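Numbering (the numbering used here), first residue to last: 485 to 982.
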Ligand SMILES: Cc1cc2nc3c(=O)[nH]c(=O)nc-3n(C[C@H](O)[C@H](O)[C@H](O)COP(=O)(O)OP(=O)(O)OC[C@H]3O[C@@H](n4cnc5c(N)ncnc54)[C@H](O)[C@@H]3O)c2cc1C
């Protein structure tokens with residue numbers, strides 16, 4: 485039962501909720517984040533292409549364009565302060581036809597209008613000078629050097645942990661069910677009780693329309709727009725440097741698509757995707773045979789265009805290690821919905837944050853929090869600490885750092901996940917962090933244990949054992965991702981014989 489009164493309640497802990505929580509922690513406010521999932525980052529922010537977009541393709545004059553470019557520029561410092569890996573590896577759109585070249589000319593003009601730094605139209609020779617061996621049919625391209633790659637859930641977790649270190653309270657398994665105006669503020673009914681708050685920030689992803697429509701007459705609708713990806717083995721990492729994508733094009737069925745891309749993740753794997761398909765069910769994050777086949781077909785047919793083909797001549801199906809899908813929160817306004825609802829004072833939206841939302845959210849949050857604090861005369865939090873307390877993961881340490889870590893803590897000498905080089909010390913840090921991991925998936929998101937080639941086959945039993953021991957619960961109560969997903973549903977010996 486939640487009984488406290490807060491100044492601010494944030495609904496949702498994706499990149500929007502995490503970024504606004506972090507930005508509001510700079511002010512003297514009692515802030516709580518309510519998250520319906522069993523861990524933070526339960527929505528689109530954990531399942532996307534992980535690209536920090538340059539802003540070359542966001543429609544000029546839109547909120548998406550404005551915040552995309554601002555957000556992109558924040559990433560170096562943001563990730564350094566939070567100890568999150570970030571790579572500004574650039575993006576290349578390759579052209580194989582005159583139609584592609586025309587689209588590239590249009591995108592260059594759009595990029596210039598949006599104020600994106602350094603975007604160049606390349607002929608074949610200058611393209612090859614940047615990234616080796618594109619296939620013979622590639623006639624040119626667009627280069628956006630400010631584009632980057634980040635691990636989206638590591639960033640969200642870091643933002644949330646940092647906010648928690650600066651006094652923000654987080655409540656997991658706490659779905660907001662109903663919202664009502666009460667006096668100067670709001671009464672929020674959740675799955676774990678009710679709470680009063682002066683202000684609400686709606687960061688509920690695909691559910692942000694339902695939250696807004698509970699309280700505001702300015703209704704909008706969000707469609708979940710599914711995108712699927714494949715993950716390829718780390719063996720391919722040496723052959724993919726920049727993020728490479730086909731040139732956007734008009735679909736025969738109407739509409740425009742960014743098309744497929746190949747992304748080198750900051751963790752060494754290669755991500756392929758993604759497609760786009762509107763769905764009805766807001767929980768439908770399943771991958772489909774049709775979607776996966778579509779991605780494989782595209783890369784089988786177009787592999788010869790990509791620089792990687794000179795080292796790996798055909799699409800390596802056998803190096804696919806996993807697939808995932810995420811739901812973009814696509815609003816019927818076709819742009820981000822940001823700010824105080826005109827007919828609901830104190831209720832703020834960060835809604836309809838579809839792509840490039842991962843890139844844009846830190847900038848949206850910073851502007852929104854500053855304007856909010858000014859509007860309500862909120863004093864700054866003098867005790868705010870700008871950097872996060874976090875020990876580097878063993879897999880990211882240099883040989884010297886590993887030796888030092890091992891000398892001070894023998895748990896660094898015990899590998900739990902062989903594929904991703906995760907040690908017992910890393911898992912213990914994840915469990916005892918400011919928003920501690922309580923499930924196998926939460927350990928996975930914080931450490932990468934279970935994300936490698938064997939997909940948890942080796943490390944899962946030990947992760948279960950460590951969660952059980954550290955949380956002082958029986959192994960049968962350890963879950964993959966919350967109630968109903970128990971890893972070991974029965975204690976050995978409890979089966980009845982017939
Ligand atoms: C396939 C795909 C590819 C993408 N690629 C990129 C990319 O490369 N670059 C980029 O910049 N952007 C990309 N995006 C967009 C980006 O992922 C989103 O813009 C961003 O993650 C949205 O963040 P959010 O916090 O608004 O929503 P979410 O991350 O969905 O978070 C919403 C949170 O609210 C919680 N919640 C919902 N309802 C309630 C409730 N009633 N009570 C409590 N909690 C609730 C959810 O559990 C969830 O944790 C992509 C998205 C997808 C799906």
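Cβ coordinates follow ideal geometry from the N, Cα and C atoms, glycine included.
Here the structure is a predicted model, which is why all the values come from computation and not from measurement.
- Between 930, 912, 940, 926, which lies nearest to residue 953 when the distance is taken from Cα to Cα? Among 930, 912, 940, 926, the Cα nearest to that of residue 953 belongs to 912.
- Query: Three or more C-beta pairs closer than 8 angstroms, one from the stretch 806 to 813 and one from the stretch 718 to 727: is that the case here?
  - Reply: Too few Cβ pairs lie closer than 8 angstroms, so no.
- Closest Cα partner of residue 615 within the set 508, 518, 790: When only C-alpha atoms are compared, the closest one is 790.
- Task: Decide if the stretch 519 to 528 is in contact with the stretch 563 to 583; the criterion is three or more beta carbon pairs, one per stretch, under 8 angstroms apart.
- Result: These segments do not touch.
- Closest to residue 581 by CA distance: which of 757, 941, 622 is it? Each of 757, 941, 622 was checked against the Cα of residue 581, and the nearest Cα belongs to 622.
- residue 686, enclosing beta strand (DSSP E) - first and last residue: Going by DSSP, residue 686 is part of the beta strand (DSSP E) stretching over 677 to 686.
- Query: Do residue 820 and residue 836 have their C-beta atoms within less than 9 angstroms of each other?
  - Reply: It is a contact, given that the beta carbons lie within the stated cut-off.
- Message: Restricting to Cα atoms, I'd like to know which of 788, 496, 692, 730 is closest to residue 813.
- Response: For the residues 788, 496, 692, 730, the minimum Cα distance to residue 813 belongs to 692.
- Query: What's the gap between the Cα of residue 700 and the Cα of residue 706?
  - Reply: Taking the straight line from one Cα to the other gives about 15 angstroms.
- Query: Can you list, in chain order, the residues of its chain whose CB lies under 7 angstroms from that of residue 851, leaving out five sequence neighbours each side?
  - Reply: Answer for residue 851: no residue qualifies.
- Message: Could you pull the DSSP bridge partners for residue 710 from this structure?
- Response: The partner list for residue 710 (beta bridge, DSSP) reads 761, 811.
- Message: Would the stretch 743 to 750 count as touching the stretch 723 to 731 if we require 3 or more Cβ pairs under 8 angstroms?
- Response: The count of Cβ pairs closer than 8 angstroms, one atom from the stretch 743 to 750 and one from the stretch 723 to 731, reaches three, so the stretches are in contact.
- Between the C-alpha atoms of residue 774 and residue 683, what's the straight-line distance to the nearest angstrom? Near 44 angstroms, if we compare the C-alpha coordinates of residue 683 and residue 774.
- Item | For residue 732 and residue 896, the rounded distance between their alpha carbons | One C-alpha to the other measures close to 46 angstroms.
- Task: Assuming residue 603 contacts residue 592 (C-beta within less than 8 angstroms), just tell me the rounded distance between them.
- Result: Indeed they touch by this definition, with Cβ atoms about 6 angstroms apart.
- Unbroken beta strand (DSSP E) runs of length 3 or more, entirely within the stretch 573 to 641: which are they? The qualifying runs are 575 to 579, 604 to 607, 624 to 628, 632 to 634.
- Residues sharing a beta bridge with residue 670, DSSP: In the DSSP assignment, residue 670 is bridged to 665, 681.
- Query: Can you find at least 3 beta carbon pairs, one from the stretch 936 to 952 and one from the stretch 669 to 685, that sit closer than 8 angstroms?
  - Reply: Between the stretch 936 to 952 and the stretch 669 to 685, the count of Cβ pairs shorter than 8 angstroms is below three; the stretches do not touch.
- Query: In this structure, does DSSP put residue 778 in helix, strand or coil?
  - Reply: In the structure shown, residue 778 sits in a helix (DSSP, three-state: H, G or I).
- Query: What number of angstroms, rounded off, separates the C-alpha of residue 513 from the C-alpha of residue 549?
  - Reply: Rounded to the nearest whole angstrom, the CA to CA distance from residue 513 to residue 549 is 30 angstroms.
- Message: Cutting at 6 angstroms between CB atoms, please list the residues of its own chain near residue 516, excluding the five before and the five after it.
- Response: Contacts found: 490, 493, 653.
- Shortest alpha-carbon distance to residue 783 belongs to which of 919, 756, 537, 597? Of the listed residues, the one whose Cα sits closest to residue 783 is 756.
- Query: Would you report the Cα separation of residue 560 and residue 570, rounded to the nearest angstrom?
  - Reply: Whole-angstrom Cα-Cα distance: 7 angstroms.
- Identified DSSP bridge partners for residue 536: Among the bridge pairs identified by DSSP, residue 536 is matched with 632.
- Query: Nearest CA to the CA of residue 672: which residue from 903, 967, 518, 540?
  - Reply: Answer by Cα proximity: 518.
- Message: Quick check: what's the CA-CA separation for residue 648 versus residue 918?
- Response: Distance between the alpha carbons of residue 648 and residue 918 is about 6 angstroms.
- Message: Within 8 angstroms, do at least three Cβ pairs link the stretch 629 to 647 to the stretch 867 to 876?
- Response: For the pair of segments examined, the stretch 867 to 876 was found to touch the stretch 629 to 647: the number of CB pairs separated by less than 8 angstroms reaches three.
- Item | Best match in 709, 499, 567 for proximity to residue 688 [C-alpha to C-alpha] | Checked all of 709, 499, 567; the closest Cα to residue 688 is 499.
- Item | Local conformation of residue 516 per DSSP, three classes | In the structure shown, residue 516 falls within a strand segment according to DSSP collapsed to helix, strand and coil.
- Task: Kindly examine ligand 1 and report whether one of its heavy atoms sits closer than 8 angstroms to the Cβ of residue 658.
- Result: The nearest non-hydrogen atom of ligand 1 is less than 8 angstroms from the C-beta of residue 658.
- The beta strand (DSSP E) spanning residue 564 covers which residue range? Careful: residue 564 lies outside any beta strand (DSSP E), inside the alpha helix (DSSP H) at 547 to 566.
- Task: Can you have a look at residue 816 and say buried or exposed, based on whether 16 or more other CB atoms are within 10 angstroms of its CB?
- Result: So residue 816 ends up on the exposed side.
- Does the stretch 626 to 636 come close enough to the stretch 528 to 538 that 3 or more CB-CB pairs lie under 8 angstroms? The stretch 528 to 538 vs the stretch 626 to 636: in contact.
- Query: Going by the beta-carbon positions, is the gap between residue 927 and residue 934 smaller than 9 angstroms?
  - Reply: Cβ distance < 9 angstroms, so residue 927 and residue 934 count as in contact.
- Which class does residue 750 belong to by DSSP, given the choice of helix, strand or coil? Residue state, collapsed to three classes: coil.
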